[in-house]
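Notes to accompany the following structure.
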Amino acid sequence: MNFYCSLIFSIIVTVSTAAAQQAPADPQWIRPNHAADPPVWGIRNGIVIGLWPAAIEGARPGNDGGPRGLLRIGYEWKGIIYHLNYIAIEPVVNGKMEFSEISPSRVDGKWGKLMWTGETSEPGRFTATAGTRGVLSHPDPQHPEHTTLSLYVFMEPFENGARPYLRLSISSNRPDELCIETFHLPGGTPMERCGITATMGNYARLRKLYLKNKTVYATTLYTGYEGTGFIEKAPYPLPEMLRNKSGDYLVMAQPDESLKELAAWPEDEQHAARWGWRYRPFYTLTQYWRKEARDADSSLQVRVNGRAKYWSGGSADPAAYINIPGGPSFENFELRERYNAGQKIYFGLTRKSVNALLAE
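With the working numbering, letter number 155 in the sequence shown gets 202, and the count goes up by one each step, no holes.
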């Protein structure tokens, strides 16, 4: 672990936070031109991912895109990228869950595991820049016209001994989706589960959760809750999940407001001071998780929790929090399952309707 002592020097490298430009040879892809560019990858008219210290929206000096220890998740359409969510990694060892965004770094003790990328499963070492452009391939011989962009994401070891890493990929024929495969490095403590969770559902005020025989509304599920923390009910097991035409398991979450309502913002001093929570895209999206039927087992379940007030960095001061307009919404949104090396799930951001997703 001695190499971690040198990682701090990489952090102070000056990084331009402008979104990476695509190369002329592959205009549909958003990729770094060089390994020293900001760590941002994605596809035009589709999903975008980034790592600290790069912003995927509002790139400007001093904007690092938010907390460490998280994947930034955005969406590009009509030439504009908006930051819609974060994805955290939460390994469970001996029944104890650890959180990538608040677990302390071994470099400086601050919240958030350092993350970096590579082209292979060899972890290499931390760099505050892209490290790789990502690898383009044509994995389906039946459809050679389809291209996949992939890269590996590594992170510091967790305090509970877990050493997970991810392989991320985006396919040109499914631009709304990010494929996430989970692995572990040798020497790590065995994981019972490695949570992959979308952590910022209340930015889009997700309040409708689509299950097999019902739609769950956050405002009904969490009626009367006005606290500053999280609220959670029981998860939803595999038999309650929807299945699309292909047989894959699917769970979707949406706002319950029109775009006009979603973009509205209270005109009071507290909300004005925290206007960064105001919804900025000029369209609404469905957020979803998909699990291929061939890889699903009985441990699969849908888990959500909620908030009535926006996150405020864990502050103990109630005055640091502001109400979410319209009432409680879902915050963490995820699929949970037993850990198996190489397990695969898909996270999506799409302008498609619920019925269109089910018809795939």
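Glycine included, every Cβ here is placed at the ideal spot set by N, Cα and C.
Note that the structure is a prediction, hence the values are computed from the model and not measured.
Across the structure, S197 and H81 are spaced so that their CA atoms are roughly 16 Å apart. For N352, the uninterrupted beta strand (DSSP E) segment begins and ends at Q348 to R354.
Setting aside the 5 residues that flank it on each side, H318 is surrounded in the same chain by W312 and I369, each with a C-beta closer than 7 Å to its C-beta; the list follows chain order. Sorting T266, K259, G276 and K292 by C-alpha distance to the C-alpha of Y283 places K259 at the top. Contact annotation: A300 and Q348 have beta-carbon atoms that are not nearer than 8 Å. Judged by DSSP in its simplified three-state form, E287 adopts helix. When the five nearest sequence neighbours on each side are left out, the beta carbons in the same chain lying within less than 7 Å of the beta carbon of R327 are those of Y129, in order along the chain. According to the DSSP assignment, A245 belongs to the beta strand (DSSP E) that extends over R240 to A245.
Listed in chain order, the alpha helix (DSSP H) runs fully inside the region 124 to 204 amount to none, counting runs of at least 4 residues. When C-alpha distances from L309 are compared across Y330, I90 and W158, the shortest belongs to Y330. Note: F394 is bridge-paired with L225 and W336 in the DSSP secondary-structure output. For K307, the uninterrupted alpha helix (DSSP H) segment begins and ends at L306 to A310. If you draw a 10 Å sphere on the C-beta of K125, you find fewer than 16 other C-beta atoms in it, and that means exposed.
Excluding its 5 nearest sequence neighbours in each direction, G389 has C-beta neighbours in its own chain below 8 Å: E228, T229 and F230, listed in chain order. N402: member of the alpha helix (DSSP H) spanning V401 to L405, first to last residue. Separation of R321 and A251 (C-alpha to C-alpha, rounded to the nearest whole angstrom) is 15 Å. Annotation for T270: no alpha helix (DSSP H) segment contains it, and DSSP assigns it neither H nor E. Cα atoms of L306 and L285: separation of roughly 32 Å, rounded to the nearest angstrom.
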